[in-house]
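In terms of this note's numbering, the sequence shown opens at residue 1 and continues consecutively. Backbone N, C-alpha and C fix where the C-beta goes; we use that ideal spot for every residue, glycine too. Below is one structure; the comments refer to it alone.
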Amino acid sequence: MKLIGSLTSPYVRKVRIVLAEKKIDYDFEVDSPWTPETQVPNINPLGKIPVLLLDDDTPLFDSRVIVEYIDSVTPNNKLFPSPNRERTEVKRWEALADGICDAAASAFLESKRPKKEQSADWIARQRDKIVRGLEFMAEELGEKPFCMGTHVSLADIAVGTALGYLVLRFADINWQESHPNLAKLYAKLMLRPSFADTIPQG
Ligand code: GSF
1 MKLIGSLTSP YVRKVRIVLA EKKIDYDFEV DSPWTPETQV PNINPLGKIP
51 VLLLDDDTPL FDSRVIVEYI DSVTPNNKLF PSPNRERTEV KRWEALADGI
101 CDAAASAFLE SKRPKKEQSA DWIARQRDKI VRGLEFMAEE LGEKPFCMGT
151 HVSLADIAVG TALGYLVLRF ADINWQESHP NLAKLYAKLM LRPSFADTIP
201 QG
């Protein structure tokens, strides 16, 4: 099994954390679709990372499909509950966390365009999504030790990767101060080798 992705992508990090939590060996090929020599469009027509290349050469994308697949084919350290209302709740947490990453990545890319082509309105719109998403997360987490209660699940992994991406790209959004319960969760997750070994670099 080979994972293709970059060292900064939160979606790639989510997959790496799941593979580490499940103790699965894999090859990791660093490739960013933003580099001229990228091979990503040859394996994923959408030209996006992560891609998980299975042993029979099937390319799996996107990160939500990959993590659900990994969890479904391994019996240990289950990260999703079996199909029921709780599983939908885990997937909603993931949709929320990924949505924050989508808004953050979009605002970051916009800010990298030449100054006179940038849309301040677009960036503000994306930042509003991030701020509202963080408020919603903090409200839903409340005083629970983990998103789904007492056990770590894919919900925490998705939330942790989104928070880590904000630390990397939007350090000015001080969610640690406005949402101390999220800061507590993040600190707890960072003690896990799966998180500590995949801190975004770039
Ligand atoms: C998002 C992947 C994505 O946007 C998933 O896998 O969960 N819903 C998908 N990846 C970005 C890199 S990043 O922002 O992490 C990507 O590959 N962008 C290249 C492009 O051309 O859009």
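- Membership of G160 in the alpha helix (DSSP H) is indicated by the continuous run L154 to R169.
- With 16 or more other CB atoms across the displayed protein chains lying within 10 angstroms of its CB, H179 is buried.
- Neighbourhood of the ligand GSF, defined by CB distance below 5 Å to any of its heavy atoms: S9, Y11, P33, G47, K48, I49, D62, S63 and A105, in chain order.
- For G5, the enclosing beta strand (DSSP E) begins and ends at K2 to G5.
- For D102, the enclosing alpha helix (DSSP H) has its first and last residue at R85 to K112.
- Contact between F195 and G149 fails: their C-beta atoms lie close to 19 Å from each other, not under 8 Å.
- With a contact defined as Cβ atoms closer than 8 Å, G5 and D27 miss out at about 12 Å.
- Contact between the region 56-71 and the region 7-22 is present: 3 or more CB-CB pairs across the two stretches fall below 8 Å.
- For N44, the number of other beta carbons within 10 angstroms of its own is at least 16, and it is reported as buried.
- In the displayed model, V18 falls within a helix according to three-state DSSP.
- By the CB criterion at 7 Å, R169 and A124 fall outside the cutoff.
- Exposure of D197 is indicated by the presence of fewer than 16 other C-beta atoms within 10 angstroms of its C-beta.
- Residue pairing by DSSP puts L53 in a beta bridge opposite K2 and P59.
- The Cβ atoms of L166 and I157 do not sit closer than 7 Å to each other.
- In chain order, Q118, S119, W122 and I123 place their CB closer than 7 Å to the CB of E110, counting only its own chain and leaving out the 5 sequence neighbours on each side.
- In this structure, L19 and P50 do not form a Cβ contact; the two beta carbons are roughly 10 Å apart against a cut-off of 8 Å.
- Counting C-beta atoms within 10 angstroms of its own C-beta, D56 has fewer than 16 neighbours from the protein chains shown and is therefore classed as exposed.
- When beta bridges are read from the DSSP output, F28 appears opposite L3.
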